[in-house]
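Asks:
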Amino acid sequence: MADKNTKLTPEEIYKLAKLANLSLNEEQIKKLADSVSSILSYVSQLQSLNTANIEETAQVTGQENVFREDIVDNERMLTQEEALSNAKDKHNGYFMVKAIFEEE
Amino acid sequence: MEIHVELKTVSKMFCGCKNDPFGADKPNIYTCPVCLGLPGALPVPNRKAVEWAVLLGLALNCEIPLFSKFDRKNYFYPDLPKGYQISQYDQPFAVRGFLDITVGNEKKRIGITRVHLEEDTGKLMHATVDDPTSPSGLRGASKKVSLIDFNRSGVPLVEIVTEADIRSSEEARIFLKKLHQIIRYLEISDADMEKGSMRLEPNISVQKIQSRLNRDKIQKLPPYKVEVKNINSFSFAKKAIDFETDRHIAILETGKYPQQETRGWDEKKGVTFSQRSKEEAQDYRYFPEPDIPPIRWSKSQISNFKALIPELPDTRIARFIKEYGLSEYDATVLTEDKKTADYFEKAVKSKTIPAKTVANWIINKKADISKLSPEGLVNLIQAKTQKLPMSEKDLEEVINKVLAVNSKAVVDYKAGKESAIMFLLGQVMRQSHGRADATTTRKILENKLK
Numbered sequence: 001m002a003d004k005n006t007k008l009t010p011e012e013i014y015k016l017a018k019l020a021n022l023s024l025n026e027e028q029i030k031k032l033a034d035s036v037s038s039i040l041s042y043v044s045q046l047q048s049l050n051t052a053n054i055e056e057t058a059q060v061t062g063q064e065n066v067f068r069e070d071i072v073d074n075e076r077m078l079t080q081e082e083a084l085s086n087a088k089d090k091h092n093g094y095f096m097v098k099a100i101f102e103e104e
Numbered sequence: 001m002e003i004h005v006e007l008k009t010v011s012k013m014f015c016g017c018k019n020d021p022f023g024a025d026k027p028n029i030y031t032c033p034v035c036l037g038l039p040g041a042l043p044v045p046n047r048k049a050v051e052w053a054v055l056l057g058l059a060l061n062c063e064i065p066l067f068s069k070f071d072r073k074n075y076f077y078p079d080l081p082k083g084y085q086i087s088q089y090d091q092p093f094a095v096r097g098f099l100d101i102t103v104g105n106e107k108k109r110i111g112i113t114r115v116h117l118e119e120d121t122g123k124l125m126h127a128t129v130d131d132p133t134s135p136s137g138l139r140g141a142s143k144k145v146s147l148i149d150f151n152r153s154g155v156p157l158v159e160i161v162t163e164a165d166i167r168s169s170e171e172a173r174i175f176l177k178k179l180h181q182i183i184r185y186l187e188i189s190d191a192d193m194e195k196g197s198m199r200l201e202p203n204i205s206v207q208k209i210q211s212r213l214n215r216d217k218i219q220k221l222p223p224y225k226v227e228v229k230n231i232n233s234f235s236f237a238k239k240a241i242d243f244e245t246d247r248h249i250a251i252l253e254t255g256k257y258p259q260q261e262t263r264g265w266d267e268k269k270g271v272t273f274s275q276r277s278k279e280e281a282q283d284y285r286y287f288p289e290p291d292i293p294p295i296r297w298s299k300s301q302i303s304n305f306k307a308l309i310p311e312l313p314d315t316r317i318a319r320f321i322k323e324y325g326l327s328e329y330d331a332t333v334l335t336e337d338k339k340t341a342d343y344f345e346k347a348v349k350s351k352t353i354p355a356k357t358v359a360n361w362i363i364n365k366k367a368d369i370s371k372l373s374p375e376g377l378v379n380l381i382q383a384k385t386q387k388l389p390m391s392e393k394d395l396e397e398v399i400n401k402v403l404a405v406n407s408k409a410v411v412d413y414k415a416g417k418e419s420a421i422m423f424l425l426g427q428v429m430r431q432s433h434g435r436a437d438a439t440t441t442r443k444i445l446e447n448k449l450k
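Residue numbers (full-length UniProt numbering), protein chains in the order written: chain A, 1 to 104; chain B, 1 to 450.
(1) Apart from the five residues on each side of it in sequence, which residues of its chain come closer than 8 angstroms, Cβ to Cβ, to glutamate 279 of chain B?
(2) When the cut-off is 8 angstroms and only beta carbons count, does alanine 17 of chain A lie next to chain B?
(3) Identify the contact partners of glutamate 12 of chain A in chain B, using a Cβ-Cβ distance below 7 angstroms as the criterion.
(4) Please decide whether glutamate 102 of chain A counts as near chain B, where near means a Cβ-Cβ distance under 8 angstroms.
(5) Could you work out which residues of chain A lie near arginine 296 of chain B, taking near to mean beta carbons separated by less than 7 angstroms?
(6) What residue ranges within the segment 62 to 130 of chain B form continuous beta strand (DSSP E) runs of no fewer than 3 residues, ordered along the chain?
(7) Within 8 angstroms (strictly less), CB to CB, does aspartate 192 of chain B reach chain A?
(8) Is glutamate 2 of chain B helix, strand or coil by DSSP?
(9) Quick one: is the Cβ of methionine 390 of chain B within less than 7 angstroms of any heavy atom of the ligand FMN?
(10) Looking at the C-beta of tyrosine 30 of chain B, does it have a partner C-beta in chain A at a distance below 8 angstroms?
(11) Would you give the residue range spanned by the alpha helix (DSSP H) that arginine 173 of chain B belongs to?
(12) Taking any Cβ of chain A, which residues in the segment 91 to 105 of chain B have a Cβ under 7 angstroms from it, in chain order?
(13) The alpha helix (DSSP H) that contains aspartate 149 of chain B, what's its start and end?
(14) If contacts are defined as beta-carbon pairs under 8 angstroms, then phenylalanine 236 of chain B and valine 271 of chain B qualify, I think. What distance do you get, rounded to the angstrom?
(15) So which residues of chain B does isoleucine 71 of chain A contact, with C-beta pairs closer than 8 angstroms?
(16) Take the Cβ of aspartate 71 of chain B as the centre, count every other Cβ of all protein chains shown within 10 Å, and call the residue buried at 16 or more, exposed below.
(17) Can you find a CB in chain B that lies within less than 8 angstroms of the CB of valine 43 of chain A?
(18) Under 6 angstroms Cβ to Cβ from leucine 38 of chain B, same chain only, skipping five residues before and after it: list those, please.
(19) Leucine 377 of chain B and alanine 347 of chain B look like a contact to me (Cβ under 8 angstroms); what is the Cβ gap, rounded to whole Å?
(20) Helix, strand or coil for arginine 296 of chain B per DSSP?
(21) Since leucine 99 of chain B and leucine 179 of chain B should fall inside the 8 angstroms C-beta cutoff, what is the C-beta to C-beta distance between them, to a whole number of angstroms?
(22) Which residues does DSSP list as the beta-bridge partners of leucine 157 of chain B?
(23) Using a C-beta to C-beta distance shorter than 7 angstroms, which residues of chain B count as neighbours of valine 97 of chain A?
(24) Closer than 8 angstroms by beta-carbon distance: list the chain A residues that pair up with lysine 26 of chain B, in chain order.
(25) How should aspartate 130 of chain B be labelled, buried or exposed, when 16 other C-beta atoms within 10 angstroms of its C-beta is the threshold for buried?
(26) Output the boundary residues of the beta strand (DSSP E) element that contains glutamate 320 of chain B.
(27) With DSSP collapsed to three states, give me the class of serine 197 of chain B.
(28) Is it right to say asparagine 92 of chain A is buried, meaning 16 or more other beta carbons lie within 10 angstroms of its own, or is it exposed?
(29) What does DSSP give as the partner residue(s) for asparagine 203 of chain B in the beta ladder?
(30) Among the candidates B:Phe423, B:Ile209, B:Cys35 and B:Lys26, whose CA atom is the shortest distance from the CA of glutamate 328 of chain B?
(31) Would you mind stating whether glycine 16 of chain B and asparagine 61 of chain B have Cβ atoms separated by less than 8 angstroms?
(32) Can you name, in chain order, every residue of its own chain whose Cβ lies under 6 angstroms from the Cβ of proline 222 of chain B, other than the five neighbours on each side?
(33) Span of the beta strand (DSSP E) holding methionine 96 of chain A?
(34) Is the beta carbon of leucine 200 of chain B closer than 8 angstroms to that of asparagine 176 of chain B?
(35) Quick one: which chain B residues come within Cβ less than 9 angstroms of leucine 84 of chain A?
(36) Output, in chain order, the set of chain A residues within a Cβ distance shorter than 7 angstroms of valine 378 of chain B.
See below:
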């Protein structure tokens, strides 16, 4: 999809927005179709590099096998009040959100 | 089949919070910036959880790739605070294994596709709350809301995925029981179904068998499957599969295919129900977790892991039969859980009572082994059996009867198979209900078989 001259359709922007949990109006979708397309074509300059002899990697630090031991770290644990302190809605020590209808 | 199992490490998967969601007396008391998904928090994998995932892979006869990594699985749901779950996508800790099960009298091999490690989500509760203090649109009387507890968020969770080798609900039940047993033997999880620390997700599809001879060699899988989510008992799994199978057959007979979807299980009504199906296929946009460096094992580390695997049920059953002269049935019952098997071995160690007698006492629950020490059991058996010593005449009678009925063992013994005498001894013990004295019986047997 990142070919130099490809332009994203409004449908594709709509799908991306949905995956990113964004709600956009039509005007915003139109605008983003242009700007995201131009970002993509800018980034697609990378396609001109010859990577035939380069090994694929997902990280650049060179680190491997970083673990922590299985120990409870009480100092970093939050109290219930601390955990809930930035919540918009709470109830009896729970975070509260609009009902998620999964059953019934 | 997909199975999720919570590991019983003391701390969570990527942070040092306490891993005890079920024992917590209040919601949201075991959290920190990492498992609440607060900005800037860095996950660090729990070494023990990773090792246990590898152990489980090895116990399921998997290959352990020398290179592995974590990935982000992106989706939005209120029980997932980061907006993604740290999981494993294309390079899990264990791949291509198998588990052999016995169905009826036949052995059957179930392929294990993969074993990977991820983090559990928070727990959602659905409630109606009357809370006029709510500041953001949830105010008003009796609002239906969802309440979230993040004590479970970030608990290490292993996922096991099988090949499409299971052909019936009964095979599924047998496979799951055996998997459960192995997990308990490894002591990596309580695998407590009621607490939800082991959750089952069968994927079901149905097709007509073309050829009776190739029952197991399905030509091609049907072009659809239905997943039933989060089942928490073996018998519910069996029932859900049976329910789905019948439902699919009814649809298939009208010439259509059932809709590919995710369903839930209603244990009260004993039916599955359609969970709101997504308009389009899920797109999780997996990508490598940038915050966690990959994992690379050396071959010697993997052999060290192998050495950590305890004796598993199948091996133990075989050893019990050979070493203690037990029947396959007795050996199977005794090894059902590790505790009972260990108890049995401790009790027979003193060798004062024949193994078969000890086995009988445990299997027939003549004593409460949860309250009695293995030594206590031995003493009890001794006391009971010594009160009723067998007369020599009675013993002789029993031995003759046993020898007459078990001519094969007699022939075996005479042909040099020494272990046959253990079998005969066991039979005498059984016939005499444990009253025969093992040493005397053995002497008499040896004399008679000379």
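We treat Cβ as the ideally placed atom computed from N, Cα and C, and that holds for glycine.
Replies: Let me lay it out:
(1) As a first step, residue 279 of chain B must be located in the second sequence, where it is residue number 279. No answer about glutamate 279 of chain B holds up, because its pLDDT of 45 lies below 50 and its placement is not dependable.
(2) Counted from its first residue, the first sequence places residue 17 of chain A at position 17. No, because no Cβ of chain B sits closer than 8 angstroms to the Cβ of alanine 17 of chain A.
(3) Against the first sequence, residue 12 of chain A aligns to sequence position 12. Neighbours of glutamate 12 of chain A in chain B, taken as residues whose beta carbon is under 7 angstroms from its own, are absent, since the nearest beta carbon is some 12 angstroms off.
(4) Taking the first residue of the first sequence as 1, we reach residue 102 of chain A at position 102. Only weak support is given to the placement of glutamate 102 of chain A: the predicted model assigns it a pLDDT of 49, under 50, and the question is left unresolved by the model.
(5) For this step, residue 296 of chain B is matched to residue 296 along the second sequence. Those are Glu64 and Asn65, listed as they occur along chain A.
(6) Counting whole runs of 3 or more residues, the segment 62 to 130 of chain B contains the beta strand (DSSP E) stretches 71 to 74, 84 to 87, 94 to 103, 106 to 119 and 123 to 129.
(7) Reading the second sequence from its first residue, position 192 is the one you call residue 192 of chain B. No, aspartate 192 of chain B does not count as interfacial toward chain A.
(8) Taking the first residue of the second sequence as 1, we reach residue 2 of chain B at position 2. Here glutamate 2 of chain B sits in strand by DSSP.
(9) Among the ligands in the structure shown, none appear at all, so the ligand FMN cannot be discussed.
(10) Position 30 of the second sequence holds residue 30 of chain B. At a cut-off of 8 angstroms between beta-carbon atoms, tyrosine 30 of chain B makes contact with chain A.
(11) Translated into positions along the second sequence, residue 173 of chain B becomes position 173. Counting along the chain, the alpha helix (DSSP H) containing arginine 173 of chain B begins and ends at 169 to 186.
(12) Within the segment 91 to 105 of chain B, no residue qualifies.
(13) Walking along the second sequence from the start, residue 149 of chain B turns up at place 149. No alpha helix (DSSP H) holds aspartate 149 of chain B; the beta strand (DSSP E) holding it covers 143 to 149.
(14) The count along the second sequence starts at 1 and reaches residue 236 of chain B at position 236. The count along the second sequence starts at 1 and reaches residue 271 of chain B at position 271. At roughly 11 angstroms, the Cβ-Cβ gap does not stay under 8 angstroms, so phenylalanine 236 of chain B and valine 271 of chain B are not in contact.
(15) Numbered from its first residue, the first sequence carries residue 71 of chain A at position 71. For the C-beta of isoleucine 71 of chain A, the chain B residues within less than 8 angstroms are, from N- to C-terminus, Val10, Ser11 and Gly16.
(16) Here residue 71 of chain B refers to the residue found at position 71 of the second sequence. Counting every other CB atom within 10 Å of its CB across the protein chains shown gives aspartate 71 of chain B a total of 16 or more, marking it as buried.
(17) Locating residue 43 of chain A in the first sequence gives position 43, counting from the first residue. For valine 43 of chain A, the answer is no, since every Cβ of chain B falls outside 8 angstroms of its Cβ.
(18) Reading the second sequence from its first residue, position 38 is the one you call residue 38 of chain B. Taken in chain order, the list of residues that qualify is empty.
(19) Stepping through the second sequence from its first residue, residue 377 of chain B is reached at position 377. Stepping through the second sequence from its first residue, residue 347 of chain B is reached at position 347. Correct: roughly 5 angstroms between the Cβ atoms.
(20) Start at 1 with the first residue of the second sequence, and residue 296 of chain B comes out as number 296. Annotated three-state conformation of arginine 296 of chain B is strand, per DSSP.
(21) One-based indexing of the second sequence puts residue 99 of chain B at position 99. One-based indexing of the second sequence puts residue 179 of chain B at position 179. That pair is a contact at about 7 angstroms.
(22) Residue numbering aside, residue 157 of chain B sits at position 157 when the second sequence is read from its first letter. Note: leucine 157 of chain B sits in a beta bridge opposite B:Glu6 and B:Glu118.
(23) Walking along the first sequence from the start, residue 97 of chain A turns up at place 97. Those are Pro78, Val145, Ser146 and Ile148, listed as they occur along chain B.
(24) Your numbering for residue 26 of chain B matches position 26 in the second sequence. Close partners of lysine 26 of chain B in chain A (Cβ separation under 8 angstroms): Gln80 and Gly93.
(25) Sequence index remark: in the second sequence, residue 130 of chain B carries index 130 (1-based). Burial check for aspartate 130 of chain B: the Cβ neighbour count within 10 Å stays below 16, so the residue is exposed.
(26) If you number the second sequence from 1, residue 320 of chain B lands on position 320. For the record, residue 320 of chain B in the displayed sequence is phenylalanine; it is not glutamate. No beta strand (DSSP E) holds phenylalanine 320 of chain B; the alpha helix (DSSP H) holding it covers 313 to 324.
(27) Residue 197 of chain B sits at position 197 when you count from the first residue of the second sequence. Three-state result, serine 197 of chain B: coil.
(28) Numbered from 1 along the first sequence, position 92 holds the residue referred to as residue 92 of chain A. With fewer than 16 Cβ atoms within 10 Å of its Cβ, asparagine 92 of chain A is classed as exposed.
(29) If you number the second sequence from 1, residue 203 of chain B lands on position 203. Per DSSP, B:Glu227.
(30) Reading the second sequence from its first residue, position 328 is the one you call residue 328 of chain B. Distances from the CA of glutamate 328 of chain B to each of B:Phe423, B:Ile209, B:Cys35 and B:Lys26 were compared; the closest alpha carbon is that of B:Phe423.
(31) As a first step, residue 16 of chain B must be located in the second sequence, where it is residue number 16. As a first step, residue 61 of chain B must be located in the second sequence, where it is residue number 61. Contact: no.
(32) One-based indexing of the second sequence puts residue 222 of chain B at position 222. Sequence-distant partners of proline 222 of chain B (beyond 5 residues in either direction) whose C-beta falls short of 6 angstroms from its own C-beta, in its chain, are Ser205 and Gln207.
(33) For this step, residue 96 of chain A is matched to residue 96 along the first sequence. Segment 94 to 98, the beta strand (DSSP E) holding methionine 96 of chain A.
(34) Against the second sequence, residue 176 of chain B aligns to sequence position 176. Against the second sequence, residue 200 of chain B aligns to sequence position 200. According to the sequence as given, residue 176 of chain B is leucine; it is not asparagine. Against a cut-off of 8 angstroms, the Cβ pair of leucine 200 of chain B and leucine 176 of chain B comes out as a contact.
(35) Within the first sequence, numbered from 1, the residue matching residue 84 of chain A stands at position 84. By Cβ distance, chain B contributes Asn28.
(36) By one-based count along the second sequence, residue 378 of chain B stands at place 378. Contacts between valine 378 of chain B and chain A, judged by CB atoms closer than 7 angstroms, are missing: the closest CB pair is about 38 angstroms apart.
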